[in-house]
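In what follows, a single structure is set out as structure tokens and then discussed.
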Amino acid sequence: MTGKQIAIIGGGPAGLMAAEVLSLSGYRVTVYESMPTVARKFLLAGKSGLNITHSEEYSRFANRFGPSSERLRSALDAFTPDDIRTWAAGLGAETFTGSSGRVFPKIMKASPLLRAWLGRLEAQGVKVLPRHRWSGFAEGGFAFETPHGRTIIRCDAALLALGGASYPRLGSDAAWIRWLRDRGVEIDDFQPANCGFDVAWSTIFRERFPGVPLKALTATSDAGTFPGEFVISQHGIEGSLVYAHAASLRDRLASDGKAALTIDLAPGRAAGRLSRDLARQDVKASLSNRLRKGAGIEGVKTALLRELVPSASLTDPEQLSQLIKALPIPLLRPRPITEAISSAGGIRWSGIDDGYMLKALPGVFVAGEMIDWEAPTGGYLLSACFATGRAAARGMEAWLRR
């Protein structure tokens, strides 16, 4: 043991990864967690299958983080998706690659991996103190509200890994913003990321189709064109294909006041073929029959065309074929950040040095979703939380040695 005392405030993946690195190097590490148990969002993510990283070619993977890709690169290089798989295997969680390229533990759950991880941390001497909620700086240290009252912690270095602003009920409520801003740390307001969007559905459509998926289509925005599926909700649209475009759509709404997700309802058919096939249908037949026979479209896709396309265009084969191939869904606004999978915004990179230390607060480091970066779903979010946690730990080690 070095005798140096390290405080890690926040017991999510970034904080726990930093605790692993620092304790293995001989530091005395204590993790302070506001909730009754650690890693609650990690456990929630694992309910439908814990997607811990992605198997795509690494240079493409490393560019999935938008404007932050360059700044995150050194952290990602030091803990690549292959490294994550090796790390998980060391905890007894062998992984496999799904058809989409996403990587999962074979057991598909987060809880066995977390139990093994906490066991390793305990064996390395890490102390975890739940129900310790950081309440700001005080008397040269960090103030916490605990079951036994207010206490002040002093340490040789600290890591803040308190998350962003999504899923506040699990602990990431961004209450820390005011304390860091008071100390001169520049922070961009949080916005929803990987979120759904409101659409002005008619009452009939809203009541008939909530929860119904739209499959076998592609969607286009400023972000590009991707295949996939999404779900109709009472409020609008949500799901993996929407999340892939969420950052682009959110930013377009902010800049222009309007945005649309353009979808191709029949990606396997060219517009010319659709137009010819639709023109051959009996004009006296119902729209449902004409679309089913002429375009292979039925169910919710037909209802969506009825909802969004003017009646005159529904009877014109040429116009209808064009809209089948490029149907804009006008969006009103993103869903609230409390519903979002993740958040954009946070501590600006300009205020963080290469070792993940806050320039305004020497000895205080940051990691995870507190920092201003975002990524699509698919294992990228968790990968970057792991990587920044490790990078901050290495930065802290270097600073303490100096």
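Our numbering applies: residue 4 is where the sequence shown begins, and numbers increase by one. A virtual CB, placed ideally from N, CA and C, is assigned to each residue, including glycine.
- Nearest Cα to Ile374 within the set Ile355, Ser28, Gln325, Ala363: Ile355.
- Straight-line measurement puts the Cα of Ala263 at about 44 Å from the Cα of Glu23.
- Taking a contact to require three or more Cβ pairs closer than 8 Å, the region 182-194 and the region 310-318 do not qualify as touching.
- Apart from the 5 residues on each side of it in sequence, Glu372 sits with its Cβ closer than 6 Å to the Cβ of Gly166, Gly167 in its chain, given in chain order.
- Classified as exposed, Leu335 has fewer than 16 neighbouring CB atoms from the shown chains inside 10 Å of its CB.
- Taking Leu132 as reference, the option from Phe145, Asp225, Thr149, Ser353 with the minimal CA-CA separation is Thr149.
- In this structure, the straight-line span from the alpha carbon of Ile344 to that of Val286 is close to 46 Å.
- In the DSSP assignment, the residues bridged to Ala141 are Gly144.
- Inclusion of Tyr359 and Ala394 in the CB contact set at 7 Å is warranted, their separation being smaller than that value.
- Taking the Cα of Ala306 as reference, the smallest distance to any Cα among Thr341, Gln322, Ser243, Pro213 is reached at Pro213.
- The residues Gln284, in chain order, have a CB closer than 7 Å to that of Lys296 in the same chain once the five nearest residues on each side in sequence are set aside.
- Distance from the CA atom of Leu27 to the CA atom of Cys198, rounded to whole angstroms, is 37 Å.
- Put simply, the backbone Cα of Phe64 is about 34 Å away from that of Val303.
- Two segments are said to touch when three or more pairs of C-beta atoms, one from each, lie closer than 8 Å; by this definition the region 202-209 does not touch the region 44-58.
- About 7 Å separates the CB atoms of Leu308 and Leu326; that is less than 8 Å, so the two are in contact.
- Separation of Leu364 and Trp402 (C-alpha to C-alpha, rounded to the nearest whole angstrom) is 13 Å.
- Nearest in C-alpha terms to Gly144, of all of Pro339, Glu310, Ile11, is Ile11.
- Exclusion of the five residues before and after Arg43 leaves Leu173, Gly174 as the residues of its chain whose Cβ lies within less than 7 Å of its Cβ.
- The beta-carbon distance between Ser346 and Ala196, rounded to whole angstroms, is 5 Å. This is short enough to meet the 8 Å contact definition.
- Per DSSP, the beta-bridge partners of Lys130 are Thr33.
- Under a 10 Å Cβ-count criterion, Phe99 is classified as exposed, with fewer than 16 other Cβ atoms of the shown protein chains found around its own Cβ.
- The C-alpha of Asn292 is placed about 44 Å away from the C-alpha of Ser169.
- In the three-state reduction of the DSSP assignment, Thr305 falls in the helix class.
- In this model, Val367 and Glu232 are separated by some 42 Å (Cα to Cα).
- Short of 8 Å from the beta carbon of Ser236, and not among the five residues preceding or following it, lie these beta carbons of its own chain, in chain order: Gly199, Pro213, Gly214.
- Residue range 84-93 is occupied by the alpha helix (DSSP H) that includes Pro84, with no beta strand (DSSP E) assigned at that position.
- For the 7 Å CB-CB criterion, Ala113 and Leu53 form a contact.
- Exclusion of the five residues before and after Tyr30 leaves Thr5, Lys7, Ile9 as the residues of its chain whose Cβ lies within less than 7 Å of its Cβ.
- For the 7 Å CB-CB criterion, Pro108 and Ala96 form a contact.
- The DSSP-derived three-state label of Ser224 is strand.
- Per DSSP, the continuous alpha helix (DSSP H) segment holding Gly275 begins and ends at 274-282.
- When beta bridges are read from the DSSP output, Pro115 appears opposite no residue.
- Ala390 and Ala370 have their C-alpha atoms some 9 Å from each other.
- Between Thr341 and Asp267 a beta carbon distance of about 32 Å is seen, past the 8 Å cut, so the two are scored as non-contacting.
- The region 328-404 contains, as complete alpha helix (DSSP H) runs of 4+ residues, the segments 383-404 (chain order).
- DSSP links Ala262 through a beta bridge to Leu334.
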